[in-house]
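Everything on this sheet refers to the single structure shown next.
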Amino acid sequence: MAISLGKLTLGRIVQAAIVALVVGVVGFAMMEALPGDAAYRIAAGRYGYDMVTGAAAEQVRSELGLDRPAAERLLTWVGQTFTFDLGQSAVTGERVGHAIDHQLGHTVELALVAVAVALLIAVPIGVLAGLRPGSLFDRISAALAIVVRAMPAFLIGIVLMLVLAVELGLVPAAGHGHGGNFVLPALTLGIVLASVLTRVVRNAVAATVASDAFQFALHKGLPMRAAFLRHGVRNAAVPVVAYLGVQMALLLEGVVVVESVFSWPGIGHALTHAIFERDVPMLQGTALTLGLMFVLLSFLADLACRALDPRLNT
Amino acid sequence: MRLTVEELSVHAGSTRLVGPISLAIEAGEPLTILGETGAGKSLLAQAIMGALPEGLTAQGAITLDGRRLDTLPPRQRRALWGHEIAMLPQEPWRALDALMRSGEQVAESHAIVAGEGWKTAEARAHDALSGLGLEERAMAAWPGALSGGMAQRVAFAAATAAGAGTLLADEPTKGLDEARRDDVTALLLRYVEDGHLLLTITHDVAVARALGGKVMVLKDGEAVEHGAAAEVLHAPKSAYGQALIAADPANWPHIIPQRGGEPVLVAEGLGIARGRRLLLDGVGLSLRAGQRIAVVGESGLGKSSLLDTLAGLIPAAGGAVRRLGRGAAPFAVQKLYQDPPAAFAPRVPLAESFRDLERRHRISRAEREMLLERLGLSPGLLARRPDAVSGGELQRLALVRVLLLQPAVILADEPTSRLDPVTQRQVMEVIGAIARQSNVGLVLVTHNRTMARRWADSTLDLSDYTPLRAAG
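Line order of the protein sequences matches chains A and B.
If you're matching positions, the first sequence starts at 1 in this note's numbering and goes up one per residue.
If you're matching positions, the second sequence starts at 1001 in this note's numbering and goes up one per residue.
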């Protein structure tokens, strides 16, 4: 059933608020649940492992108010967040909002290139497989997709790093700064996304080509090529775009892992470090940004589906 | 012009699905193939077209104007599509691309298939569609907004734009009410008058009668009768032909209308909406015990939604539904569904479904056995799963299931539209008789007005209650 655009937008805004609250609270609770004394870890983050002393830890504790009850600290964070203030990093003292400002740009860059790579892999393979379901090509691509999907992202990243950077020396292994640095993280993330996306494209194309509408397009005399361009692409794109929206979760998960593997200075990288260093404000800030990005990207996918399918607008 | 088919049969591996069939069609003399639903009639059209689904093969000679088609390589056969031979789809709503405006779907046939420039193509498409009585508004609409009749006209214009002289129409009136059905047959007749070849496949005897020419009756994939329409339709020789003609609602005996007992279900000023769109407004209905009411109207008008509102499954957009007397009891209003297999749990033996129902409602097994006997069903059927029972039997089992609850009202949503005519008649007779005997009020939703007239005590025409929809 069609939902008006206003209702959809409102729904997404409410959803964003709920995501923000849940991510903040759960992130906080998980950090609290970790064993060990956070003050020591933070001090280690600030001064290095060899320099941590009891006195330094105590100083961190009193400075950050870690001895205050957990509920009080959480409420302070919620209150701040409502005024769009994410606080300061417990380790560097940098404003979290400022740090994210930098990281977000890098992450979006990487994510966009990765989605482009995923589409470049998934669309041709998916279309070819979908036009001939059950063919050898279809079955090989299905097997590959399953193998790739079954491998964790960091493993794919390390394999690519070993082959392309270490053995062949084609690209730098890690880092950020010039174009060559894009290759490994974007390729890794792109391959991870492409695995399932290929199958989605394949299923969408196979269903479209088998549909009564497509068969009728052929029966009325359109050549295969014209029929596919005019009655296949757009129809198959609707489920693919809808799936891309859902797949954003996989993308964000991949960002965290891949950025860490390749030392890419984005949000995912910052998030992992915040966990190691018990930097609660940084963790909450980065997790919140990723959560909101997910809501925003799903919303964009919804809008794209509406642009493709007029039935969703009536 | 002439199309001949000799000993045509369709196979899946080594299994013969339909045929062998021989037929000949001349210009001006259409051929209509009548037969059971699902008896392979569609495969015949696809075999002639050269558009069989993968895995199926055809044997036999197909000759169009002295040229053998069956021996042509697939690419050359496809090259004939639209230019010399065209196929009108079964369900035009599904055959049109939902994401392209209807006018453009005709224009592209002119432009790409007939090779006219896009400007000319658009103008020709416009002329063709207005010639078929379609308004500008309908040409600019997405297919989902068209009525079934309009969609079929768009499909016709799109299929024949490049001047195909042979048309294969596969159940072209499926799901249309009589008025729309007659529109489509008129369209086909005009095509014949233009000197073209027409092969129509249908299970509707009325369509065959209207088209005239020749008729072939198919049973179990074989022709049991073949001859001039007037002869076959008036004096069929084969037993199946006779049953088929007798099963045409126009040949059903006239009903003696009855008033029924006390009222069980009353609706006043009922409004039916889908989302925010009001489909029907001001519908009034009063159903008495033992009475049969038919609700008629074209597909998409809101017939099924009305039934769901009467059943209390969706809220009314206006007015009220009241259950009175016996109708007020908790399980007194029951539904019979359109697609019998979809109304049963698919992987469970039927007996198990019945046992669950009887346990839930504390009904004795004897009751079930009595009902099975009354409806002429063998108790052995219950050992099977729903997909191993024929559609007619399954619909009667659904009726048994409903009757076990001793309803005061049965709401039947096109209960026979997926059944072939002979089975349809049997099932409708059983439903009607049981309702009278058990004093159950029946509301039947159907798009077949003739059936409604012959079967129901009174008829409610929903097209009188549409607030928005333009005629088309």
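Glycine included, C-beta positions come from ideal geometry on N, C-alpha and C.
With a cut-off of 8 Å on the beta carbons, I'd call G130/A and A204/A a contact; round off their distance for me. In the first sequence, counting from the first residue as 1, residue 130/A sits at position 130. In the first sequence, counting from the first residue as 1, residue 204/A sits at position 204. Sure, about 7 Å apart at Cβ, within 8 Å.
Sequence-distant residues of the same chain with beta carbon closer than 7 Å to R1326/B, five excluded per side: Residue numbering aside, residue 1326/B sits at position 326 when the second sequence is read from its first letter. Taken in chain order, the residues that qualify are V1264, A1289, A1332, A1408.
8 Å Cβ cutoff, M1139/B in contact with chain A: Here residue 1139/B is taken as the residue at index 139 of the second sequence, counted from 1. Closer than 8 Å: no.
Can you pull the chain B neighbours of A309/A, defined as C-beta to C-beta under 7 Å? Mapped onto the first sequence, residue 309/A falls at position 309. Before going on, a small fix: residue 309/A reads as Asp here, not Ala. Result: L1099.
Closest by CA to D1170/B, which one among A1095/B, S1364/B, I1431/B, R1436/B? Locating residue 1170/B in the second sequence gives position 170, where the first residue counts as 1. Nearest option by C-alpha distance: A1095/B.
Inside the region 1033-1104 of chain B only - alpha helix (DSSP H) runs reaching at least 4 residues: 1041-1049, 1074-1080, 1092-1095
Which residues, in order along the region 225-239 of chain A, keep a beta-carbon less than 7 Å from a beta-carbon of chain B? A226, R230, H231, R234, N235
Between which two residues does the alpha helix (DSSP H) harbouring L7/A extend? Residue mapping note: residue 7/A aligns to position 7 of the first sequence, counting from 1. Note that residue 7/A is Lys in the sequence shown, not Leu. It spans 5-33 - the alpha helix (DSSP H) in which K7/A sits, taken as one unbroken run.
CB contact below 8 Å: M1087/B versus chain A: Your numbering for residue 1087/B matches position 87 in the second sequence. By this cut-off, M1087/B is an interface position.
Taking Cβ positions only, does E1414/B come closer than 8 Å to chain A? Sequence index remark: in the second sequence, residue 1414/B carries index 414 (1-based). No, because no Cβ of chain A sits closer than 8 Å to the Cβ of E1414/B.
What does the alpha-carbon distance come out to for the pair Y1465/B and V1445/B? Locating residue 1465/B in the second sequence gives position 465, where the first residue counts as 1. Locating residue 1445/B in the second sequence gives position 445, where the first residue counts as 1. Approximately 15 Å, taken between the alpha carbons.
Pull up the distance between the alpha-carbon of V1192/B and that of A1229/B, whole angstroms please. In the second sequence, residue 1192/B corresponds to position 192, counting from 1. In the second sequence, residue 1229/B corresponds to position 229, counting from 1. Taking the straight line joining both Cα atoms gives about 15 Å.
Would you mind sorting P1499/B into buried or exposed? The rule is 16 or more other CB atoms within 10 Å of its CB. In this structure chain B extends from 1001 to 1472, so residue 1499/B is not present and cannot be described.
In whole angstroms, what is the alpha-carbon distance linking S1102/B and A1159/B? Residue numbering aside, residue 1102/B sits at position 102 when the second sequence is read from its first letter. Residue numbering aside, residue 1159/B sits at position 159 when the second sequence is read from its first letter. Their backbone Cα atoms lie some 13 Å apart in a straight line.
Can you tell me which residues form a DSSP beta bridge with I1025/B? One-based indexing of the second sequence puts residue 1025/B at position 25. According to DSSP, which records beta bridges pairwise, I1025/B is partnered with L1003/B.
Secondary structure of E1429/B, DSSP reduced to three states: Position 429 of the second sequence, counted from the start, is the residue given in the question as residue 1429/B. Reduced to three states, the DSSP call for E1429/B is helix.
Interface partners of G221/A on chain B, CB under 9 Å: Position 221 of the first sequence, counting from 1, holds the residue named residue 221/A. In chain order: R1078, A1079, L1080, W1081, G1082, H1083, A1086, S1109, I1112, V1113, A1114, A1159, A1161, A1162, A1164.
Going along the chain, which residues of its own chain have a beta-carbon closer than 6 Å to the beta-carbon of Y243/A, five neighbours each way excluded? Position 243 of the first sequence holds residue 243/A. Excluding residues within five positions, the ones whose Cβ falls inside 6 Å are V200.
Which runs of the alpha helix (DSSP H) fall wholly inside the region 46-105 of chain A and span at least 4 residues, in chain order? 54-64, 70-82
List, from N- to C-terminal side, the beta strand (DSSP E) runs of 3 residues or more that fit wholly inside the region 1348-1417 of chain B. 1409-1413
Take the Cβ of V1154/B as the centre, count every other Cβ of all protein chains shown within 10 Å, and call the residue buried at 16 or more, exposed below. Numbered from its first residue, the second sequence carries residue 1154/B at position 154. Classification of V1154/B: buried, given that the 10 Å Cβ count is 16 or more.
Residue closest to R202/A, alpha-carbon to alpha-carbon, out of V113/A, P124/A, D67/A: Within the first sequence, residue 202/A is the residue found at index 202, counting from 1. Measuring from the Cα of R202/A, the nearest candidate turns out to be P124/A.
Between F216/A and chain B, is there a C-beta pair that is closer than 8 Å? Taking the first sequence and counting its residues from 1, one reaches residue 216/A at position 216. F216/A counts as touching chain B.
Along chain B, which residues have their Cβ under 9 Å away from the Cβ of A304/A? To locate residue 304/A, count along the first sequence from 1; it is residue 304. What A304/A touches in chain B: nothing, since even the nearest Cβ is about 14 Å away.
Presumed contact (8 Å Cβ cut-off) between A1125/B and V1106/B, rounded CB distance: In the second sequence, counting from the first residue as 1, residue 1125/B sits at position 125. In the second sequence, counting from the first residue as 1, residue 1106/B sits at position 106. Indeed they touch by this definition, with Cβ atoms about 4 Å apart.
So if DSSP puts S1130/B in a beta bridge, which residue, or which two residues, is it bridged to? Position 130 of the second sequence, counted from the first residue, corresponds to residue 1130/B. Looking at the DSSP assignment, S1130/B forms no beta bridge with any residue, so it has no partner.
Anything in the region 194-215 of chain A with a Cβ closer than 7 Å to a Cβ of chain B? List those residues in chain order, please. D212, A213
Closest to K1041/B by C-alpha separation, out of W1093/B, T1200/B, S1364/B, would be which residue? Your numbering for residue 1041/B matches position 41 in the second sequence. K1041/B has its Cα closest to that of T1200/B, out of W1093/B, T1200/B, S1364/B.
How would you list, in chain order, the residues of chain A whose beta-carbon sits under 7 Å from the beta-carbon of R1094/B? Here residue 1094/B refers to the residue found at position 94 of the second sequence. Going along chain A in sequence order, the residues near R1094/B (Cβ under 7 Å) are D212, A213.
For E1171/B, return the contacting residues in chain A, with the cut-off set at a CB-CB distance below 8 Å. Along the second sequence, read from residue 1 onward, the residue named residue 1171/B stands at position 171. Those within 8 Å of E1171/B in chain A number zero; the least Cβ separation is about 12 Å.
N1448/B classed as buried or exposed, judged by whether at least 16 other C-beta atoms fall within 10 angstroms: Within the second sequence, residue 1448/B is the residue found at index 448, counting from 1. Per the 10 Å Cβ criterion, buried.
Rounded to the nearest angstrom, what separates A1247/B and A1452/B at their Cα positions? Within the second sequence, residue 1247/B is the residue found at index 247, counting from 1. Within the second sequence, residue 1452/B is the residue found at index 452, counting from 1. Approximately 14 Å, taken between the alpha carbons.
Nearest chain A C-beta to E1298/B closer than 8 Å, yes or no? In the second sequence, the residue the question calls residue 1298/B occupies position 298. Output row for E1298/B: interface = no.
Please tell me whether A1061/B and R1068/B are closer than 8 Å, where the distance is taken between their beta carbons. Looking up residue 1061/B in the second sequence gives position 61. Looking up residue 1068/B in the second sequence gives position 68. For A1061/B and R1068/B, yes; Cβs fall inside 8 Å.
Check this for me: beta carbons of A186/A and V117/A, under 8 Å apart or not? Translated into positions along the first sequence, residue 186/A becomes position 186. Translated into positions along the first sequence, residue 117/A becomes position 117. Closer than 8 Å, so yes.
Taking S1378/B as the reference, which of P1340/B, K1237/B, K1335/B, L1350/B has the closest Cα? Along the second sequence, read from residue 1 onward, the residue named residue 1378/B stands at position 378. Nearest option by C-alpha distance: L1350/B.
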